[in-house]
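Numbering (our numbering), first residue to last: 6 to 318. Quick reminder that beta carbons are idealized off the backbone N, C-alpha and C, glycines included. Report on the following structure.
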C-alpha cells in the first residue's frame with residue numbers, strides 16, 4: 006500500500022512542476038475534478054483540506070468560469086450549488102457530486118438545472134443525514150431494554166422500516182390529528198424517540214420544539230443530523246464535511262454515472278453524545294445508558310466497512 010501511495014505522490018508532484026504531462030494522471034488511474042466556488046468566494050483552507058482528503062488518486066482544481074471545461078465537478082453546499090446551476094451555462098452536461106444537499110433541496114436544483122434541456126447528466130447528491138442503518142445501530146448500542154418509537158409523514162419510509170427495523174414502533178402522520186399530539190402519543194408508547202430524516206415533518210422550528218418536549222418527558226432522543234444534535238438530541242448520527250467528502254471519493258473512484266440523479270446518505274458517519282444533556286436528566290447514571298467508548302468504536306467499525314470499498318479501487 007505504501008509503495009502504491011508513494012508512486013501516486015511522485016506522479017502528482019512531477020505533473021505539478023511540469024515534468025510530466027497531465028495525461029499521465031489518466032494513465033495511472035488518476036483524474037482531475039473541478040471544485041466549484043462562486044466568484045470571489047474561494048476558500049483556500051477548504052480547497053487545501055479537500056485536496057488532502059482526495060489525494061493521491063484524485064487531483065482537485067478550482068474553477069469559477071461561466072462554462073466548465075471539467076467533465077467531473079465537486080461542489081459543497083446548497084448556495085454554492087445554486088450559483089453553479091444558475092450561472093454555469095453547461096451545468097446540465099457534466100457530472101457532479103454535490104455535498105450537504107438533501108433530497109428536497111436537490112429536487113429544486115435539478116428542476117432549475119434541467120428545465121428545458123434536451124438531456125441532463127445525472128448528478129449525485131450526498132447529504133449529512135443519518136442512514137436508517139446507522140440509526141438502528143445507534144439505538145441498539147443503548148444499554149438495557151428500551152421501547153423505540155418514532156413519528157413520520159414518509160409513508161415509503163414507514164413501510165421500509167416496518168420490514169427492516171421491526172423493533173421501532175412507527176406512528177404515521179394522520180391529517181386529522183395535530184402533529185404535536187402524535188409526538189405526545191409517541192412519548193407514551195416508548196422511552197427512546199428516534200428522529201427519522203423526514204424533511205416534511207421536521208424543520209428547524211418543529212425539531213427544536215419536539216426535542217424540548219422529549220427532554221421534559223425524560224425520553225432519550227436520537228437525532229439524525231448536526232442540526233438535530235445542536236437542537237437538543239441526546240445522541241445522534243450524521244456526516245460532517247470530511248465524511249461526505251470521503252463518500253464522494255468513493256463515488257468518483259467507482260466511476261459510473263447513474264441513470265438518474267441520486268440522493269444518498271454518506272457512507273461515512275460518526276456518532277455524537279450530548280453528555281451534559283444526558284447528565285441533566287439521568288445524573289451520573291447516564292453512563293449506564295450509553296458507553297461513549299463503545300459507541301465511538303462502533304462508528305469506527307462501520308466506517309472501516311467504507312474503507313474496504315475504497316481499498317478495492
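Put residue i into one of helix, strand or coil per three-state DSSP.
{"i": "residue 275", "result": "strand"}
{"i": "residue 158", "result": "coil"}
{"i": "residue 260", "result": "coil"}
{"i": "residue 303", "result": "helix"}
{"i": "residue 241", "result": "strand"}
{"i": "residue 188", "result": "helix"}
{"i": "residue 58", "result": "helix"}
{"i": "residue 152", "result": "coil"}
{"i": "residue 235", "result": "helix"}
{"i": "residue 194", "result": "coil"}
{"i": "residue 92", "result": "helix"}
{"i": "residue 116", "result": "helix"}
{"i": "residue 147", "result": "coil"}
{"i": "residue 167", "result": "helix"}
{"i": "residue 214", "result": "helix"}
{"i": "residue 51", "result": "helix"}
{"i": "residue 252", "result": "helix"}
{"i": "residue 86", "result": "helix"}
{"i": "residue 181", "result": "coil"}
{"i": "residue 111", "result": "helix"}
{"i": "residue 126", "result": "coil"}
{"i": "residue 310", "result": "helix"}
{"i": "residue 139", "result": "helix"}
{"i": "residue 298", "result": "helix"}
{"i": "residue 265", "result": "coil"}
Using a Cβ-Cβ distance cut-off of 8 Å, determine whether residue i contacts chain B.
{"i": "residue 237", "result": "The chain inventory of the structure shown lacks chain B, comprising one protein chain alone."}
Going by DSSP, what residues sit across from residue i in a beta bridge?
{"i": "residue 100", "result": "77"}
{"i": "residue 39", "result": "66 and 78"}
{"i": "residue 132", "result": "270"}
Would you mind reading off the limits of the beta strand (DSSP E) that contains residue i?
{"i": "residue 205", "result": "Segment: none, residue 205 is in no beta strand (DSSP E) and carries neither H nor E."}
{"i": "residue 228", "result": "225 to 228"}
{"i": "residue 198", "result": "197 to 199"}
Considering residue i, what are the terminal residues of the alpha helix (DSSP H) in which it resides?
{"i": "residue 174", "result": "Unbroken run through residue 174 is the beta strand (DSSP E), 173 to 177; no alpha helix (DSSP H)."}
{"i": "residue 284", "result": "280 to 287"}
message: I'd like to know if the region 254 to 268 and the region 118 to 130 are in contact, where contact means that at least 3 CB-CB pairs between them fall below 8 Å.
response: yes
message: Counting beta carbon pairs with one atom in the region 98 to 115 and one in the region 135 to 149, are three or more of them shorter than 8 Å?
response: Taking 8 Å as the limit for Cβ pairs, the verdict is that the region 98 to 115 does not touch the region 135 to 149.
- prompt: Would the region 150 to 160 and the region 234 to 248 be scored as touching if the rule is three or more Cβ pairs under 8 Å?
  reply: No contact exists between the region 150 to 160 and the region 234 to 248.
message: For the pair the region 265 to 278 and the region 247 to 256, tell me if three or more CB-CB distances fall below 8 Å.
response: yes
- prompt: Would you call the region 190 to 206 and the region 155 to 165 touching, i.e. three or more CB-CB distances under 8 Å?
  reply: yes
message: With a threshold of 8 Å, are at least 3 pairs of Cβ atoms found where one atom belongs to the region 164 to 175 and the other to the region 299 to 310?
response: no
query: Do the region 185 to 200 and the region 223 to 239 make contact, defined as three or more Cβ pairs closer than 8 Å?
result: yes
task: Mind the definition here: the region 229 to 236 touches the region 295 to 304 only if three or more C-beta pairs lie below 8 Å; say whether that holds.
output: no
task: Evaluate contact between the region 277 to 291 and the region 54 to 63, counting only Cβ atoms and requiring at least three cross-stretch pairs below 8 Å.
output: no
Given 8 Å, three or more beta-carbon pairs between the region 87 to 95 and the region 66 to 76: Yes: the two stretches touch, three or more of their Cβ pairs being nearer than 8 Å.
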